[in-house]
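Note sheet for the following structure.
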Amino acid sequence: MVEQKEQLYEGKAKKVFATSDPDLLIVDYKDDATAFNGLKKGTIVGKGVVNNRMSNYLMQMLEKQGIETHYVDELSERRTLVKNVKIVPLEVIMRNIVAGSLSKRTGLEEGAVPAMPVLELYYKSDELGDPMINEDHALAFGWATREELDSIASMARKINGILKEFFAGVGVDLVDFKLEFGRYKGHIILADEISPDTCRFWDSKTKTKLDKDRFRRDMGDAEGAYHEMMRRLGLKE
Ligand code: UDP
Numbered sequence: 012m013v014e015q016k017e018q019l020y021e022g023k024a025k026k027v028f029a030t031s032d033p034d035l036l037i038v039d040y041k042d043d044a045t046a047f048n049g050l051k052k053g054t055i056v057g058k059g060v061v062n063n064r065m066s067n068y069l070m071q072m073l074e075k076q077g078i079e080t081h082y083v084d085e086l087s088e089r090r091t092l093v094k095n096v097k098i099v100p101l102e103v104i105m106r107n108i109v110a111g112s113l114s115k116r117t118g119l120e121e122g123a124v125p126a127m128p129v130l131e132l133y134y135k136s137d138e139l140g141d142p143m144i145n146e147d148h149a150l151a152f153g154w155a156t157r158e159e160l161d162s163i164a165s166m167a168r169k170i171n172g173i174l175k176e177f178f179a180g181v182g183v184d185l186v187d188f189k190l191e192f193g194r195y196k197g198h199i200i201l202a203d204e205i206s207p208d209t210c211r212f213w214d215s216k217t218k219t220k221l222d223k224d225r226f227r228r229d230m231g232d233a234e235g236a237y238h239e240m241m242r243r244l245g246l247k248e
């Protein structure tokens, strides 16, 4: 049995604990919600449970399709045992439909469909507000190697294909999402979470938003949106 040890870190949405095994960590999901790089703060009751369960479900699905992830074992409704990775300081965003910052940057309307999925890289830095970068920046400043960038891009595109098809099957458009990757025993694996905090989900028919945009944009009933996504996936809370 792996034992939980001292807290190593408390982030905006999760706490991370050491364990008796140096290769493993425990993440503990909170209900705290933040947006706009921490400027807006609040609570979405039950969010930690939803994000923990949904992320674990999706990571297990990806594992079955050949994507290595940090997921090891769900310990409780909010706590999961994960592999202890060194996070690559990049946020990888995959976009299938124009929304959010892409709409602002390009003037394209939310809902426009690009001719192909768009992959973007951002440098993970709260101080700088996660600026958008390109592969040259990542290589030139030593944030990732050529091989790592190639693995990250091919994994991100494969993950997008799997998730887009899966969500379409439950009546949800996967608009865009953020991934983080980690170094583990010499290779790149998927880390962090996949949840309504990190994805945009729109009901395929009504285009109702079923994700954190309800909190970011003060649309109301963020809790209801998170619960509805669990219902679509057939998951208990
Ligand atoms: N995203 C995230 N964390 C971030 C930034 C973005 O999880 O720090 C997710 C966000 O939920 C959305 C996608 O990445 O699904 C694209 O976000 P966008 O660049 O449009 O930024 P936003 O409009 O949310 O500022």
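For the working numbering, count along the sequence shown from 1 and bump the result up by 11. For every residue, glycine included, the Cβ atom is placed at its ideal position computed from N, Cα and C. Every value quoted in this text rests on a predicted model; they were computed, and no experiment measured them.
Exclusion of the five residues before and after S162 leaves I199 as the residues of its chain whose Cβ lies within less than 7 Å of its Cβ.
Under the three-state reduction of DSSP output, L160 falls in the helix class. Exclusion of the five residues before and after E146 leaves L160 as the residues of its chain whose Cβ lies within less than 6 Å of its Cβ. Between G197 and K97, the beta carbon gap of about 11 Å keeps them out of contact (Cβ cut-off 8 Å). Residue pairing of I55 in beta bridges, as defined by DSSP: absent, with no partner found. At a cut-off of 4 residues, the continuous stretches assigned as alpha helix (DSSP H) that sit fully inside the segment 124-179 are 146-151.
Restricting attention to A164, A149 and S215, the CA atom closest to the CA of E176 is found in S215. A direct Cα-Cα distance of roughly 22 Å separates L190 from T117. Closest by C-alpha distance to A164, out of G122, E204, E88 and E131, is E131. Here DSSP, grouped into helix, strand and coil, assigns M12 to coil. Residue environment: P207 is assigned as buried (16 or more neighbouring CB atoms within 10 Å of its CB, all protein chains considered). The beta carbon of A149 is closer than 7 Å to those of L101, L132, A155 and L160 in its chain, skipping five residues each way along the sequence. Between the beta-carbon of L69 and that of I205 there is about 5 Å, and that keeps the pair under the 8 Å contact cut. Assigned with DSSP and collapsed to three states, G182 falls in coil, not helix or strand.
Taken in chain order, the complete alpha helix (DSSP H) segments of 4 or more residues contained in the segment 68-126 are 111-117. Counting the other CB atoms within 10 Å of its CB gives N48 a total below 16, which places it among the exposed residues.
Our two residues, L174 and A202, have alpha carbons roughly 16 Å apart in a direct line.
In terms of CA proximity to M12, D32 leads the group D32, A24 and E21. Here DSSP, grouped into helix, strand and coil, assigns L50 to coil. Just so you know, the alpha carbons of N67 and K218 end up roughly 26 Å apart.
When the alpha-carbon of V99 is set against those of Y195, M105 and Y237, the nearest one is in Y195.
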